[in-house]
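Heads up: the structure comes next, in C-alpha cells.
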Amino acid sequence: AIPSPKTLKESFFTIACGGSAWRYHGYFHVRTESIVSRILCTQRGSMAWAVDGSASDEDHVVPQQDIILEHRDHSLPTRLYSYPVYLCSAYVSILAIIFKTPGFNWRRPPEFTENGISFTPVQLAHAASAVGFAVALGTTAIGVSWRRNLVKRKVGICVLYVNGISFITYCFILAFGSPYIASEDATGSSEIEPIRYCQWLFTTPAIIYTVSAMLRRSNSLDNTRSYAIVSDAVMIVTGFLERYCGSPFHELFFMLSMVAFFFTMLHFKTLAEMGANALIEISDRNRFHRIHSFTVTVWTLFPVVRVLSILGASYTTEELLNTMLDVATKGVYVVCLMVIKFTVVDDLLEERLVKAEDYVRKDVAREAKKDESVLGCVDAFYSRKLLAYQEAECWRNVRVRGLRDEGFPAPQAEAILEETLKEYV
Numbered sequence: 006a007i008p009s010p011k012t013l014k015e016s017f018f019t020i021a022c023g024g025s026a027w028r029y030h031g032y033f034h035v036r037t038e039s040i041v042s043r044i045l046c047t048q049r050g051s052m053a054w055a056v057d058g059s060a061s062d063e064d065h066v067v068p069q070q071d072i073i074l075e076h077r078d079h080s081l082p083t084r085l086y087s088y089p090v091y092l093c094s095a096y097v098s099i100l101a102i103i104f105k106t107p108g109f110n111w112r113r114p115p116e117f118t119e120n121g122i123s124f125t126p127v128q129l130a131h132a133a134s135a136v137g138f139a140v141a142l143g144t145t146a147i148g149v150s151w152r153r154n155l156v157k158r159k160v161g162i163c164v165l166y167v168n169g170i171s172f173i174t175y176c177f178i179l180a181f182g183s184p185y186i187a188s189e190d191a192t193g194s195s196e197i198e199p200i201r202y203c204q205w206l207f208t209t210p211a212i213i214y215t216v217s218a219m220l221r222r223s224n225s226l227d228n229t230r231s232y233a234i235v236s237d238a239v240m241i242v243t244g245f246l247e248r249y250c251g252s253p254f255h256e257l258f259f260m261l262s263m264v265a266f267f268f269t270m271l272h273f274k275t276l277a278e279m280g281a282n283a284l285i286e287i288s289d290r291n292r293f294h295r296i297h298s299f300t301v302t303v304w305t306l307f308p309v310v311r312v313l314s315i316l317g318a319s320y321t322t323e324e325l326l327n328t329m330l331d332v333a334t335k336g337v338y339v340v341c342l343m344v345i346k347f348t349v350v351d352d353l354l355e356e357r358l359v360k361a362e363d364y365v366r367k368d369v370a371r372e373a374k375k376d377e378s379v380l381g382c383v384d385a386f387y388s389r390k391l392l393a394y395q396e397a398e399c400w401r402n403v404r405v406r407g408l409r410d411e412g413f414p415a416p417q418a419e420a421i422l423e424e425t426l427k428e429y430v
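What follows is the structure in C-alpha cells.
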C-alpha cells in the first residue's frame, strides 16, 4: 500500500527537523567531517618532496622534474566540504517548514494508476531533471574523490553541492507535489512557487563562488564576490515580491530586480575574468570564457521567461522553460569540471617551485665546488710540471759546465744531457 501524502509529509518533517537539530550538536560536526573526509578527501600521505632535508646533498641527488611533480597530499580544509553538508541540511529543514506552513496550495505529484504512473508534461520535465542531476551528482562525486588537483577538487565540491540541492528539489516536487501561492498581481491571477525561489537562493551564490574558487583570497576578491552574492540575493527576493505584490509595488520590485540582475552580471563577469586569468594554460582560459558566456546567456533568459509570463504565457510553458534553463545552467559546470585542468599558481605550487629553486641552487653550488676542485688539481699538476722543467734546466746548466770542464766536446755533451733529461722529465 502506498502511504498517504499526510503520512509522507509527517515522516519527512520529522526526519528533516531531527537532522537539523542534530546538525548543531558537536558530535555530529565531528562525525560529519570524519565521514566526508574519508569519502571525498582521504589522506593519501604527507608532503613528500624529492629533496629530503635529512640527507646530505652528495648522498641524495634527484632529477629536477621529480621535485616539481612529486607530491602526495591531496587533502582540503575540512570547512570546504562540511559547509555544503550544513547548507543541504538547512535546505531540507526549509522544505520541511514549507510542508508544515498552512496557506499553501499543492499541485499533485505523479499519480499511480492501474496502467502505471501518470505524468503531466511539467512532471515529466521534473523527472527528467531529477535523473539528470542524479547522473551529474554521481559523475562529480567520482571525479572529486580521486582528483589530484586540489583546485579541481574545490570546484568539484561546489558543483556537487549545487547539483545536490537541485536533485533534492526535484525529488521533493516529484514525491510530494509543488507548493504554490495564489495571488493577484498587475497581470491578473498569479501562482508563485516558493520552492523555486528557495532553490535559486541556495544555488546561485554557490555558482558565483565556483567561478572564483581557483583564486587566492584577497580584499579585491572578497569585495567583488560579496557584491555579486548580495546583489544576487536581492534579485531573487525582489523577484519573488514582484510576483506576490500588486500594482504599484509590482512594477517597483520588477525594476529593482532587473537593476540587481545587472549588478550581479557585472560582478559575475569580473569574477569570471579574474578566475580565467588565474589559469595557466591558454586552452583552459578559452574554455572557461566560453562556459562563462554560456552561463550569462542562460541567466539572461530567466527574465525573458518572466516577461513572457507577464505577457500571458501559461504556467506549463513558463515551468518547462524554467526547468530547462535550470538544468542547462547547472549542468554546464559538470562539463567545466571535466574539460578544464584548473592549473593555477597557488600557494602549493609556489612552495613546490621554491623547493625546486632551492634544489637547483644547491646543485649549482655543488657543481661549482666540483669545478673548483678540478681547476685546483689542474693548477697543481702544471705547477709541478713547471717546477720539474725549472729543476731540469738548472741541472742542465750545471752538467753542461761540468762536462765541458771534463773535456767533452759540446755536441757530445748536449747529446748526453738530452737522453738524461728525457728519462728524468
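In the working numbering, the protein residues as written are 6 to 430.
Glycine is no exception: its CB is placed at the ideal position from the N, C-alpha and C atoms.
Quantities reported herein were computed from a predicted structural model and do not represent experimental measurements.
Check	Outcome
Express the C-alpha separation of ALA420 and LEU391 in angstroms, rounding to a whole number.	23 Å
Between the alpha carbons of GLY121 and GLU324, how many angstroms are there, rounded?	24 Å
Just to check my reading of the structure: VAL216 and ALA265 have Cβ atoms closer than 8 Å, yes? What is that Cβ distance to the nearest angstrom?	Wrong, their Cβ atoms sit about 18 Å apart, outside the cutoff.
Report all residues from its chain with a CB closer than 8 Å to the CB of ILE234; omit the five preceding and five following residues, and keep chain order.	PRO210, ILE213 and TYR214
Mapping DSSP to helix, strand and coil, what is GLU116?	strand
Once the 5 residues before and after TRP205 are set aside, which same chain residues still bring their CB inside 6 Å of it?	ILE241
Mind checking whether TYR249 and ILE197 have CB atoms under 8 Å apart?	yes
Quick one: using the 10 Å Cβ neighbour count with 16 as the cut-off for buried, is PHE259 buried or exposed?	buried
Rounded to whole angstroms, how far is the Cβ of PHE109 from the Cβ of PRO184, which I believe are closer than 8 Å?	4 Å
Any idea what DSSP makes of ASN110, helix, strand or coil?	strand
Rounded to the nearest angstrom, what separates PRO308 and LEU358 at their Cα positions?	47 Å
Which residue comes first and which comes last in the alpha helix (DSSP H) that contains GLY169?	155 to 181
Considering SER288, what are the terminal residues of the beta strand (DSSP E) in which it resides?	Counting along the chain, SER288 falls outside any beta strand (DSSP E), though it belongs to the alpha helix (DSSP H) covering 287 to 315.
Could you please give the first and the last residue of the uninterrupted beta strand (DSSP E) stretch that includes ILE122?	121 to 123
Can you list, in chain order, the residues of its chain whose CB lies under 6 Å from that of HIS272, leaving out five sequence neighbours each side?	THR229, TYR232 and ALA233
How would you write the range of the alpha helix (DSSP H) that ILE5 sits in, first residue to last?	No answer is possible for residue 5: the residues shown for the chain start at 6 and end at 430.
For PRO89, which three-state DSSP category applies?	helix
What's the gap between the Cα of THR328 and the Cα of SER98?	23 Å
Confirm, please, whether the CB-CB distance from VAL379 to THR144 is below 8 Å.	no
Going by CA-CA distance only, name the one from THR208, TYR166, ALA283 and PHE207 that's closest to PHE347.	ALA283
CB-CB under 7 Å to SER262, same chain, minus the five flanking residues each way: which ones, in chain order?	MET240, THR243, GLY244 and GLU247
Please check the pair PHE177 and LEU142, which I expect to be a contact at CB under 8 Å, by giving their CB distance rounded to whole angstroms.	With 8 Å as the limit, PHE177 and LEU142 do not qualify as a contact, their Cβ atoms being about 15 Å apart.
Kindly give me the distance between the Cβ atoms of TYR175 and PHE138, rounded to whole angstroms, as I take these residues to be in contact under 8 Å.	7 Å
Leaving out five residues on either side along the sequence, give the residues of the same chain with a beta carbon under 6 Å from the beta carbon of THR275.	THR229
I'd like to check one pair, VAL167 with LYS367: are the Cβ atoms closer than 8 Å?	no
In this structure, what does DSSP give as the bridge partners for TYR214?	Partner(s): none; TYR214 has no beta bridge.
Across which residues does DSSP place LEU284 in a beta bridge pair?	VAL349
Return the first residue and the last residue of the alpha helix (DSSP H) that MET329 is part of.	320 to 344
In chain order, what residues of the same chain have a beta carbon less than 6 Å from the beta carbon of GLY161, not counting five sequence neighbours either side?	THR145, GLY148, VAL149 and LEU342
Taking the alpha carbon of LEU220 as the reference point, which residue from ARG371, ALA281, VAL164 and CYS399 has its own alpha carbon closest?	ALA281
Is ASP227 closer than 8 Å to THR269 when the C-beta atoms are compared?	no
Under the three-state reduction of DSSP, which class applies to GLU196: helix, strand or coil?	strand
Could you tell me whether the Cβ atoms of PRO107 and GLN128 are closer together than 8 Å?	no
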